[in-house]
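These protein sequence lines are chains U and C, in that order. Residue numbering for the first sequence follows the numbering used here, beginning at -10 and increasing consecutively. Residue numbering for the second sequence follows the numbering used here, beginning at 59 and increasing consecutively.
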Amino acid sequence: QKEVEQDPGPLSVPEGAIVSLNCTYSNSAFQYFMWYRQYSRKGPELLMYTYSSGNKEDGRFTAQVDKSSKYISLFIRDSQPSDSATYLCAMMGSNFGNEKLTFGTGTRLTIIP
Amino acid sequence: SAVISQKPSRDICQRGTSLTIQCQVDSQVTMMFWYRQQPGQSLTLIATANQGSEATYESGFVIDKFPISRPNLTFSTLTVSNMSPEDSSIYLCSVGGRTDTQYFGPGTRLTVL
Chain U
-10 QKEVEQDPGP LSVPEGAIVS LNCTYSNSAF QYFMWYRQYS RKGPELLMYT
40 YSSGNKEDGR FTAQVDKSSK YISLFIRDSQ PSDSATYLCA MMGSNFGNEK
90 LTFGTGTRLT IIP
Chain C
59 SAVISQKPSR DICQRGTSLT IQCQVDSQVT MMFWYRQQPG QSLTLIATAN
109 QGSEATYESG FVIDKFPISR PNLTFSTLTV SNMSPEDSSI YLCSVGGRTD
159 TQYFGPGTRL TVL
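Written as structure tokens, this is what we have:
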């Protein structure tokens, strides 16, 4: 079993829709949870990171963590064509920044104008 | 966040040869990481590089195949040695620190014929 599972998609939604991206994990040692966005032929770009269970909002993006269920989500409101990219969830243990990240396989998202 | 550059951005190499990838950061960082992103797969950590010490390799990766240098706090190199087509991948460096999460360079796209 992989430590981090992510539906690879692809996922296509119309512009303006709410997008829900999800990951599950099995390692209870994970303490920090990140979402990266990766455009084609570019490196991953950090969108958000969270530490505790609950929600964190940044503009149109909301990250949600449920440690009891080992489940994290990223919601995108009012989706735009510029949101079309691959979204990667990533996790690390307690040594923030100095540990390896464990990634999901990424979900390819397309927003249809 | 740090600004990270990588050279080359892409290369096509012959089987049996070696390629050295450079990673330059615009500020001093403690930790540098090298990841591999194979088509359709998640990012996988190759090794962690601290300045002034030997790199630490993940299971499945060895120094003879992926030698790493870290001569100072802003620069690192990864060499892919004796390449085979299975080494065709995107190679990414990232930087992190105790007060910040990890940021990624743009990646080096390697094709081995």
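Each residue gets a CB set at the ideal place from its N, CA and C atoms; glycine is no exception.
8 angstroms Cβ cutoff, residue i in contact with chain U
i       : result
Y161(C) : yes
F91(C)  : yes
T173(C) : With chain C covering 59 to 171 only, the question about residue 173(C) has no answer from this structure.
S100(C) : yes
L103(C) : yes
L150(C) : yes
P125(C) : no
G165(C) : yes
Exposure label - residue i; buried when at least 16 CB within 10 Å
i       : result
P143(C) : exposed
E88(U)  : buried
L171(C) : exposed
D145(C) : buried
Q160(C) : buried
V40(U)  : A quick correction: the sequence has Tyr, not Val, at residue 40(U). Exposed is the call here.
S111(C) : exposed
G48(U)  : exposed
G5(U)   : exposed
V61(C)  : exposed
T75(U)  : buried
Y28(U)  : exposed
I101(U) : exposed
T106(C) : buried
According to DSSP, residues forming a beta bridge with residue i
i        : result
V(-7)(U) : Y14(U)
Q27(U)   : T75(U)
Y40(U)   : Answer is none; Y40(U) lacks a bridge partner.
F91(C)   : T106(C) and S152(C)
I79(C)   : L136(C)
R68(C)   : R167(C)
Q53(U)   : N44(U) and S62(U)
N84(U)   : Note: N84(U) sits in no beta bridge, so no partner.
Interface flag, residue i vs chain C, CB-CB below 8 angstroms
i       : result
Y40(U)  : no
K59(U)  : no
F22(U)  : no
T75(U)  : no
G104(U) : There is simply no residue 104(U) to check, as chain U begins at -10 and stops at 102 in what is shown.
K56(U)  : no
P33(U)  : yes
F92(U)  : yes
K45(U)  : no
Between the segment 91 to 102 of chain C and the segment 55 to 67 of chain U, are three or more C-beta pairs nearer than 8 angstroms?
-> no
Are the segment 69 to 86 of chain U and the segment 16 to 35 of chain U touching by the rule of at least three beta carbon pairs closer than 8 angstroms?
-> Output reads yes: the segment 16 to 35 of chain U touches the segment 69 to 86 of chain U.
Does the segment 86 to 93 of chain C come close enough to the segment 69 to 76 of chain C to have 3 or more Cβ pairs within less than 8 angstroms?
-> no
Is it true that the segment 117 to 125 of chain C meets the segment 12 to 21 of chain U, where meeting means three or more beta-carbon pairs spaced less than 8 angstroms apart?
-> no
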